[in-house]
Amino acid sequence: MSSILEVRDIHTFIGQFHILEGVSVSVTTGGITVLLGRNGAGKTTTLRSIIGLTPPARGSIHFDGKPIQGRQSHNIAQLGIGYVPEHRAIFRSLSVRENLQLAERRSGDFARKADFIFDLFPDLKRLIELPGGNLSGGQQQMLAVARALVPENRLLLIDEPSEGLAPVIIEQLIAAIQRLSSQVSVLLVEQNFRVASKLAQSYVIIDEGHSVAAGAMADLVQDKALIQRYLGVA
Amino acid sequence: MQSLTPSSRGGWLRGYWLPALLLVFLILFPFIVGALTESSPFGVARGDRMVMRGESVRWQSVLIEVYILAILAMSYNLLFGFTGVISFGHALFFGTAGYVLGLLLEYTALETGVALALGVLAAIAVCGALGLLIGFVTLRLKGVYFAIFTLAVAEMFFIFFGRWQLTRAEDGFAITDLPVWLDPSQSRISFYYVALALAVLTFLFIRRLVNSPTGAVFKAIRENEDRAQSMGYNTLNYKLLSITIAGMLAGVAGILQVILNKKVGPELLGVSYTVDPLLMTIIGGIGTFSGPVIGASGLHFLDVFLRDAELVIAGITIDIANIWALLLGVIFILVVIVFPFGIIGTWQRRRATRKQRAVTTGHPPSA
Amino acid sequence: MAGRASLIAIALILAALFGVAFANSSSPGDFGITLLSGLFQGMLLFLVASGLSIVFGLMDVLNLAQGSYFMVGAYVAYDAQHAGGVIDLTSVLPDPNLRFIGAVLAAIAVGALLGYLLERGLLRPLYSRPIFQLVLTFGVSLVALELVKFIWTTTPYSWTELFGVRESFFELFGQRFSTYRLFVVGMGIALIVAIGLLLQRSRIGIIIRAGVEDREMVQALGINVRAVFTLVFTLGCAIAAFGGAVAAPFLGASTTLGNIFLLQAIAVVVLGGMGSYSGTAVGSVLVGLAIAVAQDTAIGTAFAALPSITPMLLLVLVLLVRPSGLFGKS
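Chains as they are written, first to last, in the numbering used here: chain A, -2 to 231; chain B, 170 to 536; chain C, 522 to 851.
Following this line, the structure appears as structure tokens:
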């Protein structure tokens, strides 16, 4: 299987702190890969390093075979990578429509994708003129994912989509992410192991800034010792 | 951060020999210049009075101005360099102190010595209170509000005193009533030692303060206020302390300036007494102990030497005096961009990395 | 956007200003003059404050050189309009009205160019050190002042070239009103609306509003935020220079313009709420009117300094009572 994203041994510093000390991640084309690990292990920083918000000091990142490390964030995004950050980061004073329009890379992107997006998240159609700040947490999360679907992205980086959401909403989101994964590859950060195991085909475990294990999700579910050691859940 | 601590191997003099030598030189300075230029450090006697003439006396003035600017810059550095709070109205404290002292000396019927003592105390107290008040109003907010507020209040005071008839508006008023021992037009050398002593005391005081536990909190606030707060410190109180002390020290500089010039006027509140300490601190090195002193002396000496110089570019003669402020501004911008740590800061960093390299080999320091 | 409390506050301030203005004036004509003069000053202030506010909201840079762009605009326009300056347009455009348009365009061009250079050349390297940006713009304002002194000397220029709209007036309630002031007020209102529409309706406006909230996320969506910064900063400086140019026929060109307008504009921006566009528009009008009323009040009294310190007094008051300003988020 070919991989759309190949992260090799990256090291990232924030200020003087050495946050990532050798992380390697591979995302297969058309699949969902999940980053697992404890709080503060470096999962979010890994996503931010890929999108260029905290550029790695060493190591390499290849997207679609081309090196992208060291490029500016907006250039990386333009190659076809969508970022759905932790805590949603939707624009609260902009309407839902404006939030989606902002994500256009070519004019008309939103019009082209509107049907697909509203099919995936029917709620958004109804809320289209409301300011983003008025949406509930679940609706904001849907907007954040939808925003990443407006341009022609081939890879989505999604950070903790289930955080703070009610179980019903989480089920909706899982269904949506499963559906869209037929069209784009996904690199997911997810603390909720149940959600992660439902969605992903492969996993990478990050611990204290190192990637320590990787493989097929089906194998990990069996390996209670590994889960216990790095994730602390049985 | 500081390099003045004595090394454990040598005696205490080992670490302090340079500053000690400098202090001895400054104490002897009036006599050295006097000997070199064959002029009396006490001025020229005319009848029962001393007239302030001659090279030694003239150079004493230049150094007194350096001491005043150094105190002002050190006060600015305490606030900006060590606590990370930026003020764009330091002239406010400088000038206000001058006016308070001047008003007590010239506009009250008190006896000279009493008026002087009261004036000095009142001036310093008013500056402290002013700092506390401004800090109290703005320091809770983003740092930029403090900068704006000091800029606005300084400008308001400048306009107000520039039009206030009681203090003779733009012209200002002269100080006529000073004790002989302090009067720079009667015994400059004693005023020279007063100013030198105050500059040295300010230096030692700030070093003591910054190296104390309180100073550690100041620096923690400068690095990351949220973190300092989460460590359990009431950062507002520490910032208030810093601005109050800085205001009082700037007041001391203002008092000395008024005595030296024997004049009070709105120019004391003008933008140049804000710009000068900012410039001197940044050029010398913010957040270092000797940086502001080096910046103050360097810039003032340059000013004195270049004031009468001329520059010929492509056949056009330009008086340096006319473009002095322009040159300063350009140097200022260059330093901010190229040497943000100033002379001393850059030098200390170079030395630190050289030491580090000697100790560790392997991982290069990262951004 | 604006809460009810803000609207009440605005109404109260306006009522107080109108009250004092009315008490001071002996006829409706007098009152009208004060009103027009206040609106005129308000519009000039808006031209400086709008750039200050939008740039602060988007880039977190308080551009302390914004007043200098106003001053430079005034000098360039003065210079271009009058014979014997650095740029002499008298032979190219003999008609003074046309020449004035040329002078204003020249000022805008110079303002835009200098703004572009400041952002690209000096501010860009400092985005990781915000406090130094503040220090740097302060330094730039000093250099700008010294350069102006060097080129045009320290003697203030008063506008001597008389041309059509500058000199004409209309009569109402037995008072003569300056058409030029009305013209500037009209243009100011048109600009307030135009910039407002740009912010609300255009893609660049959406980017700016989004950037005010979260620059990083805008960038992660594939938008070159730095390029938007440069554009916005350049526009802000060009508008300030435009303000100086249209003010020059009344205020002339002098080295004190920069500081005066910077401080007044800062008062406006803080009063309105930092980074809020509608706040800046409303704040400009309020501060302009307050200055005009103070000018009327101060005539022939001992408070000659009142108009000059009015903006600062307002600023101090606002910061004491409501530091986030009328339209600001608390």
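Just so you know, even glycine gets a beta-carbon here, dropped at the ideal spot from N, CA and C.
- For V789 of chain C, the closest C-alpha among the options C:F691, C:A811, C:V613 is that of C:A811.
- The DSSP-derived three-state label of Q696 of chain C is strand.
- A residue is called buried once 16 or more other Cβ atoms fall within 10 Å of its Cβ, and K40 of chain A is buried on that count.
- Within chain A, the residues A74, L99, A100 have their CB atoms less than 7 angstroms from the CB of L742 of chain C, given in chain order.
- With a 10 Å radius around the Cβ and a threshold of 16 neighbouring Cβ atoms, W186 of chain B comes out exposed.
- Shown here for E187 of chain A: same chain residues with a beta carbon closer than 6 angstroms to its own, the five before and five after excluded, namely V31, A193 in chain order.
- Residues of chain A whose Cβ lies closer than 8 angstroms to the Cβ of I727 of chain C are, in chain order, L91, E95, Q98, L99.
- Of all residues in the segment 661 to 692 of chain C, only V661, L663, V664, E667, L668, F671 come within less than 7 angstroms of chain B when Cβ atoms are compared, listed by chain position.
- Distance between N189 of chain A and Q13 of chain A, taken at the CA atoms: about 31 angstroms.
- L495 of chain B and F508 of chain B have their C-alpha atoms roughly 19 angstroms apart.
- Under the three-state reduction of DSSP, I78 of chain A is assigned to strand.
- Per DSSP, the continuous beta strand (DSSP E) segment holding G56 of chain A begins and ends at 55 to 60.
- Interface flag for M580 of chain C against chain A is unset, since no Cβ pair is found closer than 8 angstroms.
- Put simply, the backbone Cα of N430 of chain B is about 15 angstroms away from that of P348 of chain B.
- The beta-carbon of S829 of chain C is placed less than 8 angstroms from the nearest beta-carbon of chain B.
- In this structure, the beta-carbon distance from L247 of chain B to I455 of chain B does not fall below 8 angstroms.
- In this structure, the alpha-carbon of A766 of chain C lies about 12 angstroms from that of L778 of chain C.
- For F194 of chain B, same chain residues with a beta-carbon under 7 angstroms away, outside a window of 5 residues either side, do not exist.
- Here A210 of chain A carries a strand assignment [DSSP, helix/strand/coil].
- Look at the beta carbons and you see the segment 6 to 25 of chain A touching the segment 193 to 210 of chain A: at least three pairs across the two are nearer than 8 angstroms.
- Counting along the chain, I492 of chain B sits inside the alpha helix (DSSP H) bounded by residues 489 to 507.
- Boundaries around G19 of chain A are those of the beta strand (DSSP E), 14 to 25, since no alpha helix (DSSP H) includes it.
- Here DSSP, grouped into helix, strand and coil, assigns F118 of chain A to coil.
- Interface annotation, E737 of chain C: in contact with chain A, CB-CB separation under 8 angstroms.
- It is roughly 22 angstroms from the alpha-carbon of G206 of chain A to the alpha-carbon of L153 of chain A.
- Ranked by how close their Cα comes to the Cα of F690 of chain C, the residues C:F771, C:G849, C:T700, C:G793 have C:T700 in first place.
- For I11 of chain A, there are no neighbours in chain C by C-beta distance under 8 angstroms, as the nearest C-beta there is about 12 angstroms away.
- In terms of beta-carbon proximity, L429 of chain B stays away from the interface with chain C, with every pair separated by 8 angstroms or more.
- In the pairwise beta carbon analysis, the segment 550 to 561 of chain C is classified as not touching the segment 824 to 833 of chain C: fewer than three pairs are separated by under 8 angstroms.
- Residue pairing by DSSP leaves A292 of chain B without any beta bridge partner.
- D395 of chain B and F10 of chain A have their C-alpha atoms roughly 20 angstroms apart.
- Per DSSP, the unbroken beta strand (DSSP E) holding M219 of chain B starts and ends at 218 to 220.
- If you draw a 10 Å sphere on the C-beta of K110 of chain A, you find 16 or more other C-beta atoms in it, and that means buried.
- In the three-state reduction of the DSSP assignment, L162 of chain A falls in the coil class.
- By the criterion of at least three beta-carbon pairs nearer than 8 angstroms, the segment 176 to 185 of chain A is in contact with the segment 152 to 168 of chain A.
- For I48 of chain A, the C-beta contacts it makes with chain C under 8 angstroms involve A741, in order along the chain.
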